[in-house]
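Following the UniProt record's numbering, the numbering of the sequence shown begins with 1 at its first residue and continues without gaps. Notes follow the structure.
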Amino acid sequence: MSKIDKKVYRMTHIENISHILKYGITHKNSLNSNPHFVNIGDLSLIDNREHKEVTVDNGDFLNFTTKSIKLGEYIPFYFGVKMPMLYIMQMGGNFVEKATKPEDIIYLVCSIDKIINKKLDFYFSDGHATNNYTSFYEKDQIYKMDEIVDWSSIKAPYWGGDENLNIKRKKQAEFLVSIDLSPDLIIGFGCYNENAKKRLIELGVEESKIKVIPQGYF
Numbered sequence: 001m002s003k004i005d006k007k008v009y010r011m012t013h014i015e016n017i018s019h020i021l022k023y024g025i026t027h028k029n030s031l032n033s034n035p036h037f038v039n040i041g042d043l044s045l046i047d048n049r050e051h052k053e054v055t056v057d058n059g060d061f062l063n064f065t066t067k068s069i070k071l072g073e074y075i076p077f078y079f080g081v082k083m084p085m086l087y088i089m090q091m092g093g094n095f096v097e098k099a100t101k102p103e104d105i106i107y108l109v110c111s112i113d114k115i116i117n118k119k120l121d122f123y124f125s126d127g128h129a130t131n132n133y134t135s136f137y138e139k140d141q142i143y144k145m146d147e148i149v150d151w152s153s154i155k156a157p158y159w160g161g162d163e164n165l166n167i168k169r170k171k172q173a174e175f176l177v178s179i180d181l182s183p184d185l186i187i188g189f190g191c192y193n194e195n196a197k198k199r200l201i202e203l204g205v206e207e208s209k210i211k212v213i214p215q216g217y218f
């Protein structure tokens, strides 16, 4: 199989980095989960995902014999940065406990190819995971990813308004990993400014793995 030169991104609070450097990106039910995890997400969405089952139909809405998975059992990643959820994290609103300044939000960057080589189980979607129009795909479909994931929507700078609802849905396509990702699978750390970079270095992140990307924030 050909190499997949694509990355996936997960946002976290900078205070979680020390634990991540030691244990990797862990599921909340993992034995290695962070007991002091700082959450920056929408609590209502997290709770909804905990129990929501979705069908892995590989894009065939009429296939009623496929298996279902529970979103809460997987660690979600996005295929890009500057997502609608980031806006909520930074500005507050919905059921986000409090707004988080961009300097405290870090992107964890992982290589899909490395995840495949580690033989981790995963699924991916063509849109927001809780949207009924979204389809989910098994890992053997990943080599057709460019035909499934709408990269123009993922990179779209504008997604507000009723006229862009489907762009907003497709922009938030997900990559779902079933188990913890070890630290070596994290190939990069994205941050807002030089001060955040300095803090990451002080926490033990290799400088060569850090990229300052203010354009990845609101």
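For glycine and all other residues, C-beta sits at the position ideal for the given N, C-alpha and C.
Reduced DSSP secondary structure (H/G/I, E/B, other) of residue i
| i | result |
| --- | --- |
| residue 22 | helix |
| residue 143 | helix |
| residue 7 | strand |
| residue 179 | coil |
| residue 210 | strand |
Span of the beta strand (DSSP E) around residue i
| i | result |
| --- | --- |
| residue 46 | Not the beta strand (DSSP E): residue 46 falls in the alpha helix (DSSP H), residues 43–51. |
| residue 31 | Looking at the DSSP string, residue 31 is not in any beta strand (DSSP E), and its letter there is neither H nor E. |
| residue 171 | Residue 171 -> not in any beta strand (DSSP E); alpha helix (DSSP H) instead, spanning 165–171. |
Exposed unless 16 or more other CB atoms sit within 10 angstroms - verdict on residue i
| i | result |
| --- | --- |
| residue 123 | buried |
| residue 19 | buried |
| residue 59 | exposed |
| residue 16 | buried |
| residue 36 | exposed |
| residue 174 | buried |
| residue 90 | buried |
| residue 189 | buried |
| residue 155 | exposed |
| residue 171 | buried |
| residue 99 | exposed |
Residue i CB to nearest heavy atom of the ligand FMN below 8 Å
| i | result |
| --- | --- |
| residue 108 | Although the ligand FMN was asked about, the structure shown includes no ligands whatsoever. |
Strand pairing of residue i, partner residues [DSSP]
| i | result |
| --- | --- |
| residue 230 | The shown model of the chain, from 1 to 218, leaves out residue 230, and the question about it has no answer. |
| residue 54 | 69 |
| residue 174 | 78 |
Extent of the continuous alpha helix (DSSP H) run through residue i
| i | result |
| --- | --- |
| residue 196 | 194–203 |
| residue 159 | Careful: residue 159 lies outside any alpha helix (DSSP H) and carries neither H nor E. |
Practice prompt. Please list the segments of the beta strand (DSSP E) lying wholly inside the region 62–138, counting only runs of 3 or more residues, in order along the chain.
Written response: For the region 62–138, whole beta strand (DSSP E) runs of length 3 or above, ordered along the chain, are 68–70, 75–78, 105–111, 122–125 and 136–138.
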